[in-house]
Every structure is written in C-alpha cells, then in structure tokens.
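According to this note's numbering, the first sequence is numbered sequentially starting from 92.
From the three backbone atoms N, C-alpha and C, an ideal C-beta is built for every residue, glycine too.
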Amino acid sequence: MLDIKFVVENKEFVKEQLSHRGGKYPVDKAVDLELKRRAILGEVEVLKAKRNADSEKIAQMKRAKEDASSIIAEMQKLGEEIKLLDSRLSEVEQELRSTILSIPNIPHKSLPVGKDDSANVVVRKHGEPTKFDFEPKPHWELGEALKIFDWPRSGKITGTRFTVYRGLGARLERAVISFMLDTHIFDNGYFEIYPPYMVNRASMTGTGQLPKFEEDAFAVKNTDYFLVPTAEVPVTNLHRDEVLDAADLPIKYCSYTACFRAEAGSAGRDTRGLIRQHQFNKVELVKFANPENSYEELEKLTNDAEKILQKLGLPYQVSMLSTGDVGFSSAKTYDIEVWMPSYNKYVEISSCSNFEDYQARRANIRFKDGKGSKPKFVHTLNGSGLAVGRTVAAIIENFQNADGSVTVPEALRKYMYVDVIK
RNA sequence: GGAGAAGUACCCAAGAGGUCGAAGGGGCUCCCCUGCUAAGGGAGUAGUACGGGAAACUGUAGCGCGGGUUCAAAUCCCGCCUUCUCCGCCA
92 MLDIKFVVEN KEFVKEQLSH RGGKYPVDKA VDLELKRRAI LGEVEVLKAK RNADSEKIAQ
152 MKRAKEDASS IIAEMQKLGE EIKLLDSRLS EVEQELRSTI LSIPNIPHKS LPVGKDDSAN
212 VVVRKHGEPT KFDFEPKPHW ELGEALKIFD WPRSGKITGT RFTVYRGLGA RLERAVISFM
272 LDTHIFDNGY FEIYPPYMVN RASMTGTGQL PKFEEDAFAV KNTDYFLVPT AEVPVTNLHR
332 DEVLDAADLP IKYCSYTACF RAEAGSAGRD TRGLIRQHQF NKVELVKFAN PENSYEELEK
392 LTNDAEKILQ KLGLPYQVSM LSTGDVGFSS AKTYDIEVWM PSYNKYVEIS SCSNFEDYQA
452 RRANIRFKDG KGSKPKFVHT LNGSGLAVGR TVAAIIENFQ NADGSVTVPE ALRKYMYVDV
512 IK
C-alpha cells in the first residue's frame, strides 16, 4: 500500500505515475477520505481530552466524598458524542484502508512506459535458441513416451492441470529442487526456510494477494487459511509486524514450496504439459533490504536466479517489464525467460521484483538504524529461483535427443545418478 | 477434539473499577565510590502509531486481539487468538 501522507501531498504526481499502468485508481477518493479522517480525529480527540480531565475531577471529588452527580450527568452526554464520532471515524478508516489497498504501487522511473508486454525491453540474452538436426518434440510428448509423466491418471485422481511424476521424472523434479536450493545456499549465500503451505488471511493481505486477487487463491474450507500461491507469502510474512536491525540487512532467504494457483481466467491457455498447473513446485528468493540499496539488491537477486539457468546450460533472456505489465505490488520487475522449443519462444520462468516499501507498509515490516533512530519500512524483493516445473520442461525439450531420450545436464547428475533419461 | 491455566513494558512479575501508563526485581545507559576486578551507592529507562505546532512542546490511542458495560476499565462481561499442562486421536 502506498503512503497516504505521500499521496495527499503529491496527489497529481501519483495520479500521473499510475496513469502509465493503464486503468483507473481511486486516488482522489483516498485523499478525500484521509482529509475527512483527520478532521474527525481532531474533533474526537478534543472531546476525549475533556473526558480524561473530567474523569480525573470526578475521581478527586469521590475521594473527598463530594457529590459529583451533576458532572456525571454531563459526562453521559459527552460519552454519547464520543461514541458517535468514534464509529464515524472507524467507518472512514475502513473505507480508506480498502481504497488505498486497491491502488497499486508506483512504477519505478526506469521502466519503459507502455500499455502491456509489447513495451517490455529485453535487457540481455544468454546463449542462443537451441538448434536441432531433427524435429524436436514438446516436453509433454517426450515425457509421456518416457513414461515419466502420467496425465491420464493425474486427471483421474485429481483433475486437469495436475501432474503425476513417475520414476526418473519424479527424480528429476526432486533433483532440480535440490540443485536450486544448494546453489542459492552455498553459492549465493541465502538462508533456507521451509514454511507451511497454508497461511492465514493476514499473511495473504500482507503481501498483496488479498483482497484484490482472492479468486486466484485456493481457500481451505471451514478455515480462514489459503494454500500458498508462492513461498513469497509465508517467507515475507515471517517478519510481519517486526522491527529488524539495520545491521542484519539485507536478509536473504530461499525457500522451496509447492505452489497452488486457481489460474482463474486462464482457461484454454497452456493446457498441455507442465507450463501452467494448479500445483507446481518453486524455489523462491526473498530479500529484506535497506531502501538505500534495494535496486542493487534487485540486480543481484536477478543474477542469482539466472545462475541456475547458466549452470544448467539453458538459453534465456531477461526482460524489464513495462509500466503496463508490471505487477500490482511491484515497482520494478525483471522476467527471466527460458528458451522453450515447443513454443518456439522464450517463456517466463522467473519474475524478480522490488516492491520497495509497498509490501512492507502493508505487512508492517520495519528496520532500525541504531538506538535512537526511528523505525523505517524495509524494501522487500523476491524472485523465483526458479519455477521447477518449467525448468524441468525446458530441460527435457532443450536436451532431447533424436531417439526421444533426454540427456541430464552435467550440473544435475550428482542428484540424478544417471546421465540420460530413456 | 475434550478439560484446565496463563498472556502486563527488553525480561521476570505485582496490580482485582478512579490515587495506574502501570509497584518491585533483573537487564541496559549515565554518574559516584573503591588504585584493577568483584562488590556498593545514586539517577534514568515504554517503544510506537495517529493528530496539532516553525519549534519548545502538546493531545489521543495503547496491559494478547476484537467487542460490550460504566461518567470512568489492565481491572467487570462476551467472542476470538496464542502458549502451557492433562486426556483422546495420530504421521
């Protein structure tokens, strides 16, 4: 959420910056509500100050055994007024909160301005699209032939957009998870977290999945819990309502979880293979950074995620998202896109974002620079490091052989114990 | 899931309608004393959020969270959450 004080003082600037995202946001309404809130607050606080003073008087009179009944009668009226104003105040506050929550983050000034992904800018490429001297097959065909994926049965036991992995397929998925975690822990210096797969509503709100995107999440019946759509939610919320020590920043966490997404509104898209699933595995990178250097940390985090593809030998490119494509809570996002032969294009495999203080304000995550200083909001960042299923798909497609077997990338062999999947 | 108990500041803990934003200890900071050290004496010690003010300063909130009763709530009532103990079930 944006800083309402900043919005009030820079209303036109905020409106202009948000206009680059496309869409309309209730900035004027938020400002009006905030001014109204301050007016009521001023009024009610004067009355409360009087109540506190008069209560003191009553107490003194009672102690002196004097009659206080007339002043008590007056206080009854005062109490009514306070109650009325208080309830108006909380109404305004609630409305303000829901209004401000529906306003997205301000895009960083470095972003290309544009209405959608066509304005995204490729900032670097690594490797060349894989060339084959035979007709390459998509991973879903290869995987079914190798009997490492079983979609008829995943459909039977659960439904569409779920996958049963078998044998070396299951091992490959697990190997990729371990390889990613080990790289981030031992090469990149992240601290591993293994969190719950269910989180409460406050956590979902803290990172911005709620209230706006409730239909994208799986809610657990008869509870107020949600299946995690990404490890970003539990891991960022670890420090919700905390004041961190500046000396500990940046805090760097990596975390493997399964992720659950309803994929509402994606009907008909990527219906085959591993690309778009209701349940998928992901290793996530999360950072809590000092605002002074959060953009350097974003570059590093993106590089850390890229390292996975480099070590695997998969060709990829990195795009900077335009103002119209950048996510709701994000100020700046790099997408890492891996070459996917079956799509004949680069496909998103990681999204690395700096949320600045947008999530931190929602989730109330602050830091303090020594004893006397005031707590300030941290900057939160995260990125996939990487999406496991899509990595597996990219490995199968890019390392396929003419006979339908798949060569295991060098970096994974110590986890796979075999050199070829056949 | 059932039954009990508890949640007060950095920590422990007292407080059971007004004299309480909160006794007392520990810790921490500063000072004094003792040639170092140990010990002793004194002083200070909510942080925060939201207002007003150029500032000094000042108002409001705040005793797990949310409601209620009352002129007045840490204190009484209701709901919830968390932790602990016992029982049940269980990987």
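Identity of the residues DSSP links to residue i by a beta bridge
i      : result
Gln370 : Phe351
Leu318 : Met289
Thr498 : Val511
Glu375 : Ser346 and Ser475
Ala380 : His470
First through last residue of the beta strand (DSSP E) which encompasses residue i
i      : result
His199 : His199 -> no beta strand (DSSP E), and no H or E assigned at all.
Delimiting residues of the alpha helix (DSSP H) encompassing residue i
i      : result
Arg215 : Looking at the DSSP string, Arg215 is not in any alpha helix (DSSP H); the run it does join, the beta strand (DSSP E), is Val212 to His217.
Glu388 : Ser385 to Leu403
Phe490 : Run containing Phe490: none; DSSP gives neither H nor E here.
Leu169 : Ser160 to Leu192
Leu110 : Here residue 110 is Ser; the residue named in the question, Leu, does not match the sequence. Element bounds for Ser110: Lys102 to Ser110.
Helix, strand or coil at residue i according to DSSP, with G and I counted as helix
i      : result
Tyr407 : strand
Ala561 : The displayed coordinates of the chain run from 92 to 513. Any statement about residue 561 would go beyond what the structure contains.
Ala140 : helix
Lys505 : helix
Ala130 : helix
Thr327 : helix
Glu125 : helix
Asp224 : coil
Ala155 : coil
Lys206 : coil
Asp119 : helix
Asp145 : helix
### Task
Can you check the region 330-361 for any beta strand (DSSP E) of at least 3 residues that lies completely inside it and give the ranges in chain order?
333-336 and 342-351
### Message
Going residue by residue through the region 410-480, where are the continuous alpha helix (DSSP H) segments of at least 4 residues, counting only ones entirely within it?
### Response
449-454
### Message
Under 8 Å, with one C-beta from each stretch per pair, do the region 395-408 and the region 196-211 reach the 3-pair mark?
### Response
no
### Task
State whether the region 406-417 contacts the region 213-232, with contact taken as three or more CB pairs (one from each stretch) at a distance under 8 Å.
yes
### Task
Please confirm if the region 317-334 is in contact with the region 346-360, defined as three or more CB-CB distances below 8 Å between the two stretches.
yes
### Message
Measuring CB atoms only, is the region 348-366 touching the region 224-242, in the sense that at least three cross pairs come out at less than 8 Å?
### Response
yes
### Query
Are the region 492-510 and the region 248-257 in contact at 8 Å, needing three or more beta carbon pairs?
no
### Length at least 3, wholly inside the region 227-315: the beta strand (DSSP E) runs in chain order
Segments of the beta strand (DSSP E) lying fully in the region 227-315: 282-284 and 289-291.
### Query
So, do the region 417-424 and the region 434-449 have three or more beta carbon pairs nearer to each other than 8 Å?
yes
### Query
Quick check: the region 477-487 against the region 431-440, are there 3 or more CB pairs under 8 Å?
Verdict: yes, contact present.
#### Entry: contact_flag[the region 183-197, the region 99-112] where n(CB pairs < 8 Å) is 3 or more
yes
### Task
Say whether the region 111-129 touches the region 179-192, bearing in mind that this needs 3 or more beta-carbon pairs closer than 8 Å, one atom from each stretch.
Judged by Cβ distances under 8 Å, the region 111-129 makes contact with the region 179-192, as three or more pairs qualify.
### Query
Does the region 389-398 come within contact of the region 487-500, defined as at least 3 CB pairs closer than 8 Å?
no
### Query
Three or more C-beta pairs closer than 8 Å, one from the region 158-173 and one from the region 134-144: is that the case here?
yes
#### Entry: the region 272-285 touching the region 241-251, judged by at least three CB pairs closer than 8 Å
no
### Message
Would the region 460-475 count as touching the region 311-319 if we require 3 or more Cβ pairs under 8 Å?
### Response
no
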